[in-house]
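Colleague:
Numbering (this note's numbering), first residue to last: 109 to 556.
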């Protein structure tokens, strides 16, 4: 841990009461499977679990205290009103002790790619970054609590699916730099509308440090709104028009990479971007602006985009037993990311392309309309066949079939995989769907 703390310190930070003897602690843990000697166990509660049920076993395994919202029969505990709030307070205390910049990234699409690409580009520094998708009320504090003295930069991903979540995360992380990639159709179920999504994402700007730097997508419809939220903070923009501080033009999209010209501050450079799709160029521009703000020069920054960023389940390329190109983009999905993946599929050098689509979640009352749009988009982009898994995705298939497309409707992952298993090297197959659709099961069947 970044600094030494005691149980009394934890009580003071959380506004709680220490009951029992004071001890030094060496780490903060929420999972009893990860208990280490000298840690403090925070008893979090969820829909299907209550950490208080494991408080005694945590102490028996080596914890020196527990953060609890009730009295416990253990030798030492810190009693607080809300253990999740307390967890955030501890993380904020550690964050305030950190001397390096905290860079926070949010957006409907691209935030994980930008996070990983930026972290890998800062190879000359010791970087702490969000692992996997630990971007919520538990994951962000957990990441900040992993800060050590050797770390020089923290790159944090912030996600949301209900109002107020980003605001709370911002109060914990207090970003020195904010990267907001975009706002598009996702989490309508929790956030209500596109405006609600933009407002929620914007809370990362208003919750950032007063002198924070803010990196925004100038092509997004909410760009002006977010600029207003930035107030006196420095805003840097990226996009595909000359109005952006950094803009890309003369773009050539390839099956696995792209080239473009980047112009910034009067200087123009040719750029090779690892990864397919125009959206990847946008992600790359966000990374370049962040690198420039850390002190890297323009040439060094754009050179970093030649190194591919490898995110499991994000446009991963495999070959099926029969030689077809298999594109695994099942990390997660919303309407915009499905369209971006179909765009990549459309530029593959094959005779025919197929999509296996799982239903998209959290779209609220607009769920059917979004799926109809996706069926039509697949047709417009020349997709040959659309395999729809489950009743939600079926709506997209019906729209696709209505326009003369070949649609297959499946109830199981096995059926979906069987629908394309005979396709050979003349074909490309994209697998895409929300995490809840478990589309990785289709990938595993087709790979094996």
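Note that beta-carbon positions come from the ideal geometry of N, C-alpha and C, so glycine has one too.
Rounded to whole angstroms, what's the CA-CA distance from residue 498 to residue 504? Just pull it up for me.
Modeller: Using only the alpha carbons, I get a separation of about 11 angstroms.
Colleague: Output yes or no for whether 7 angstroms exceeds the beta carbon distance between residue 296 and residue 128.
Modeller: No, these two residues do not count as a Cβ contact at 7 angstroms.
Colleague: In whole angstroms, what separates the C-alpha of residue 486 from that of residue 334?
Modeller: One C-alpha to the other measures close to 32 angstroms.
Colleague: By DSSP, does residue 299 sit in helix, in strand, or in coil?
Modeller: Looking at residue 299 - three-state DSSP - the assignment turns out to be helix.
Colleague: Flag this pair as yes or no: are the beta carbons of residue 324 and residue 345 separated by less than 7 angstroms?
Modeller: Yes; because the gap between Cβ atoms is below 7 angstroms, this pair is in contact.
Colleague: Looking only at its own chain, which residues have a Cβ that is under 6 angstroms from the Cβ of residue 330, when we skip the five neighbours before and after it?
Modeller: Correct list, in chain order: 291, 306.
Colleague: I'd like to know whether the C-beta atoms of residue 266 and residue 241 end up nearer to each other than 7 angstroms.
Modeller: No, the pair does not count as a contact, with Cβ atoms beyond the cut-off.
Colleague: Closest to residue 237 by CA distance: which of 231, 249, 223, 245 is it?
Modeller: That would be 223, whose Cα lies nearest to the Cα of residue 237.
Colleague: Considering only residues of the segment 295-351, which uninterrupted alpha helix (DSSP H) runs meet the minimum length of 4 residues and lie entirely inside it, listed in chain order?
Modeller: Within the segment 295-351, the complete alpha helix (DSSP H) runs of at least 4 residues are 296-299, 302-314, 331-338.
Colleague: Let's test the definition: count the other Cβ atoms within 10 Å of the Cβ of residue 273 and tell me whether it reaches 16, buried, or not, exposed.
Modeller: With 16 or more other Cβ atoms within 10 Å, it is buried.
Colleague: Verify whether the separation of the beta carbon atoms of residue 466 and residue 525 is less than 7 angstroms.
Modeller: Taking 7 angstroms as the Cβ cut-off, residue 466 and residue 525 do not qualify as a contacting pair.
Colleague: According to the Cβ coordinates, are residue 284 and residue 210 closer than 7 angstroms?
Modeller: For residue 284 and residue 210, yes; Cβs fall inside 7 angstroms.
Colleague: Which runs of the alpha helix (DSSP H), 4 residues or longer, sit entirely within the segment 452-492?
Modeller: Complete alpha helix (DSSP H) runs here, min 4: 475-488.
Colleague: If I follow the unbroken alpha helix (DSSP H) through residue 510, where does it start and stop?
Modeller: Taken as a continuous stretch (DSSP letters only), the alpha helix (DSSP H) holding residue 510 covers 498-510.
Colleague: If contacts are defined as beta-carbon pairs under 8 angstroms, then residue 353 and residue 369 qualify, I think. What distance do you get, rounded to the angstrom?
Modeller: That belief does not hold up - the Cβ atoms of residue 353 and residue 369 are roughly 15 angstroms apart, past 8 angstroms.
Colleague: Residue 349: buried (16+ other C-beta within 10 angstroms of its C-beta) or exposed?
Modeller: Label assigned to residue 349: exposed.
Colleague: Go through its chain and collect everything with a Cβ distance to residue 550's Cβ below 7 angstroms, but skip five positions before and after it.
Modeller: For residue 550, where only same-chain residues beyond five positions count, the Cβ hits under 7 angstroms are 464, 521, 524, 525, 539.
Colleague: Take residue 375 as the anchor and find which of 460, 390, 392, 356 has the nearest alpha-carbon.
Modeller: Checking every option, the nearest Cα to that of residue 375 belongs to 356.
Colleague: Are the beta-carbon atoms belonging to residue 461 and residue 453 less than 7 angstroms from one another?
Modeller: Against a cut-off of 7 angstroms, the Cβ pair of residue 453 and residue 461 comes out as a contact.
Colleague: Select from 289, 206, 493, 199 the residue whose C-alpha is nearest the C-alpha of residue 277.
Modeller: Of the listed residues, the one whose Cα sits closest to residue 277 is 199.
Colleague: Taking the beta strand (DSSP E) that residue 226 falls in, what are its first and last residues?
Modeller: Element bounds for residue 226: not the beta strand (DSSP E) but the alpha helix (DSSP H), 219-229.
Colleague: Among 541, 142, 148, which has the Cα closest to the Cα of residue 130?
Modeller: Ranking the options by Cα distance to residue 130, first place goes to 148.
Colleague: Looking only at its chain, what residues have a beta carbon closer than 6 angstroms to the beta carbon of residue 294, apart from the 5 residues adjacent to it on each side?
Modeller: Contacts found: 216, 442.
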